[in-house]
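In the numbering used here, the protein residues as written are 1387 to 1644.
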């Protein structure tokens, strides 16, 4: 049996749906190390002790659902927001049976919640962090924001393969100290801040195509047609040298409203 061709790999990746936040289609085709802290498990312990919770930018709801299952109980008030309609629909189907109200909303402030409404606000990989809005909906006197953010220069090896070198101000984006400064400026106390850099491997060009279709902000104008030449270069590189290696970065953030 001959090698799978560039055209076959790309066609398969283009035909595969990208709704939700499940990356299992990449099993065997790509891999990413996970942070040592185990965000979903830690979130589960916090859900077990909280009464009013908001999960921002929940995606397809997969992370929150897993954390709820680990918690073994449901907070009495539990809501989640999602701005992309296909994900909001998927999250509703997954989280609704678990007692979560999913609100389809834009991610920019204001969110449709009262001041000080939540004891815990969580988020995994928010596209944008609106610190003042997070502080507004947290309860005074200990309301907590607990999240895992995408860290600085995440997957830049792959991004720059398509876009070329990125400017310094982009490289500084999502730096943990910048995140902490934003939290403090909104009146929050930062109680935990950790960042890890994690190895990723892409074993075929189809994995890259599907990944960039799903994580649309990495190469915002991505399409197979627009980047066909670079995709063919990448296919040849993987065929000759093995997996394409990049590094993601993740930041664990915990901040409280005094």
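Heads up, the beta-carbon is just placed ideally off N, CA and C, and yes, glycines get one too.
Quick check on residue 1541: buried or exposed, where buried means 16 or more other Cβ atoms within 10 Å of its Cβ? In the assembly as shown, residue 1541 is a buried residue. Its beta-carbon has 16 or more other beta-carbons within 10 Å.
Restricting to runs no shorter than 4 residues, where is the alpha helix (DSSP H) found entirely within the segment 1606–1632? Fully enclosed alpha helix (DSSP H) runs of 4 or longer: 1614–1627.
Quick one, are the C-beta atoms of residue 1464 and residue 1489 less than 7 Å apart? No. Outside cutoff.
If we require 3 or more residues per run, which beta strand (DSSP E) segments fall completely within the segment 1453–1537? For the segment 1453–1537, the full-length beta strand (DSSP E) segments reaching 3 residues or more read 1463–1468, 1487–1490, 1506–1510 and 1529–1536 along the chain.
Spell out a yes or no on whether the segment 1437–1456 and the segment 1415–1423 are touching, meaning 3 or more CB-CB pairs, one atom from each, closer than 8 Å. Because the criterion of three Cβ pairs below 8 Å is not met, the segment 1437–1456 and the segment 1415–1423 do not touch.
Using DSSP's beta-bridge definition, name the partner residues of residue 1549. For residue 1549, DSSP assigns no beta-bridge partner whatsoever.
Quick one: what's residue 1576 bridged to in DSSP? Within the DSSP bridge table, the entry for residue 1576 names 1641 as partners.
Are three or more beta carbon pairs between the segment 1516–1528 and the segment 1462–1482 nearer than 8 Å? Inter-segment contact for the segment 1516–1528 and the segment 1462–1482 is absent: fewer than three beta-carbon pairs are separated by less than 8 Å.
On the DSSP bridge list, what partners appear for residue 1416? The bridge partners DSSP lists for residue 1416 are 1588.
Determine the direct distance from the alpha carbon of residue 1399 to that of residue 1608, and round the result to whole angstroms. If you take the alpha carbons of residue 1608 and residue 1399, they lie about 13 Å apart.
Residue 1395 and residue 1590 look like a contact to me (Cβ under 8 Å); what is the Cβ gap, rounded to whole Å? The C-beta separation of residue 1395 from residue 1590 comes to about 5 Å, placing the pair in contact by the 8 Å criterion.
Among residues of its own chain, excluding the 5 on either side of residue 1618, which ones have a beta-carbon nearer than 7 Å to its beta-carbon? Cβ within range, chain order: 1392.
If we ignore side chains and look at the alpha-carbon of each, how far apart do residue 1531 and residue 1640 end up? Cα-Cα distance, rounded: 6 Å.
Check this for me: beta carbons of residue 1441 and residue 1461, under 7 Å apart or not? Contact flag unset, no.
Helix, strand or coil for residue 1544 per DSSP? Residue 1544 falls in the helix class under three-state DSSP.
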